[in-house]
Every structure is written in C-alpha cells, then in structure tokens.
Amino acid sequence: MPESRPRIIPEATVARLAVYLRVLAGLADGGRSHVSSGELASAAGVNPAGLRKDLSYLGPCGVRGVGYSVAGLRDRLTEALGGERSRACVLVGIGRLGSALADYSGFASRGFQFVGLLDTDPATVGHQVGGLTVRPVAELEGLVAETQATIGVITTPADVAQTVCDRLVAAGVRSILNFAPVALSVPAGVDVRKVDLSVELQVLAFLDQQRDGAPPVLAPVRATAQGGVR
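Residue numbering for the sequence shown is 148 to 377, as defined by the numbering used here.
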C-alpha cells in the first residue's frame, strides 16, 4: 500500500489559516469553547464555503451542529503553520518601524522571538529595544550563527535592503520578511514576503473611492508620433 503524503497547502490558503489562528486566539482569550463556521468566517473576512475549503487541508475539524472546538482548531492550525516551536528572528534596521516591531510583545505568543537587532547608526547601537541591545550591522553574520536565527526581518531604507538581504542569505537565513520599499532578489530555496504599507493604503483608498461611487482616476492615454500610445 503506497505511503500517504501530506497535502500541499497553497500559499494563499496558508495566509488565511494564519488569520483564522489569530481570530481563534482572540476567541480563546474571551473564554469561548466553540465557534461556528459562519462566525469564524465572518470574523476572518471570508465566506463560510471558503473557510471550510481552507480547513479541509487539515483533515476533519468540526462537528455538524456543534461547530469547531476553539482550542482544538487552534492547536491544529498552530501545528500546521509550524508555530509549535519558537522561531528565532533577527531584525535589521532599528528606525521607527523596526523599533515598533522589536518592541511588540505579540509575536512571542505566535511562536516568533527576536533574538537580535542590528543597525548602522552609532546613536542607535547599544540602546535597548524590546529587551535586546541593538548591535552594529557589522556583526550580522556572527549574530545569525550565534542565535541560529532562521528568519530575517528587513526594515532598512531601500538602497541598502538588497545588501542586507544578500548578507542574511549568505549567513544561512532562508526566510525573509521585507518591509523596505524595494523588490529583493534571492536565490532558489529562499522565501521572501514583502510588506509594502503604502501599497496597502493605496488599495484601501481605491476601495473607499469605489464604495463612494466615484470612478477611478486614470492617467490620460497619449498618442505617440509613431501612432502608438504611451
């Protein structure tokens, strides 16, 4: 009999599973023991059919007429998302955003722990942020080796982000969360997630405009001397 293989979960589904986990954590904190698919879907901003399809990757989860066990489903999601063990992260770029991320205590409850903070500014190096001392970026490779960090978070200016990324990869980091406003180039086997806050705000502005019934503002199309458009 052939050995069964785990189903590969699509990346888009993984992102939604992380949202469900966050909602379940809030329900657990509020003392809830069970939740219906409709309630969970509404809180996560998806439709119930989509929720059930996403959770089908985990195998049977709920009970008809009862719903989902909040604690049980949270444990299943935590295991599926790899949050059952703490993952060490290093953060490069201790400006306002980097400092806010480093000082946020909520990551620890989701299985992520900052083990190193790095910056180039002499005025920042040596300061305490989130219980850690900021170290000079020259120590990046040694810090990754010392802490066995598996995730790198980049909150530097765009012009140095690629260099920082290259150094993280060379040091052995294979997962990178990039807040710098630039696309990073990485070799095969390295995963990059880009968070562009300005893009997200622009998307929200567009949706708000649509909700108000205003047509989108588009740049005029001009003809070129060759008869084309630009």
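Backbone N, C-alpha and C fix where the C-beta goes; we use that ideal spot for every residue, glycine too.
- Collapsing the DSSP output to three states places residue 329 in coil.
- Distances from the CA of residue 310 to each of 213, 335, 331 and 252 were compared; the closest alpha carbon is that of 331.
- Going by DSSP, residue 349 is part of no beta strand (DSSP E) but of the alpha helix (DSSP H) stretching over 344 to 358.
- Judged by beta-carbon spacing, residue 215 lies beyond the 9 Å limit of residue 160, meaning their Cβ atoms are not closer than that value.
- The beta carbon of residue 302 sits closer than 6 Å to those of 240, 244, 245 and 326, all from its chain and outside the five residues before and after it, given in chain order.
- Note on the region 216 to 256: whole beta strand (DSSP E) runs with a minimum of 3 residues are 234 to 239, in chain order.
- Taking 8 Å as the upper bound for CB-CB distance, residue 335 and residue 318 are not in contact here, some 17 Å apart.
- Pairing residue 195 with residue 257, the inter-Cα distance amounts to about 25 Å.
- Boundaries for residue 282: no alpha helix (DSSP H) harbours it, while the beta strand (DSSP E) harbouring it runs 279 to 283, taken from the DSSP string.
- Note that the C-beta distance between residue 221 and residue 187 is not below 9 Å.
- A Cβ-Cβ distance of about 6 Å is found for the pair residue 262 and residue 237, placing them in contact under the 8 Å criterion.
- For the pair residue 298 and residue 320, the CB atoms are nearer than the 9 Å cut-off.
- By the C-beta density criterion, residue 305 is exposed, having fewer than 16 other C-beta atoms within 10 angstroms.
- Excluding the 5 residues flanking it on each side, residue 234 has same chain C-beta neighbours closer than 8 Å at 258, 259, 260, 297 and 298, in chain order.
- Look at residue 182 here: in three-state DSSP terms it is strand.
- For residue 276, the beta-bridge partners assigned by DSSP are 279.
- Residue 174 places its beta carbon 9 Å or farther from that of residue 213.
- Taking 9 Å as the cut-off, the Cβ atoms of residue 287 and residue 314 count as close.
- Counting only residues of its own chain and dropping the five nearest sequence neighbours on each side, residue 341 has a CB closer than 6 Å to the CB of 325.
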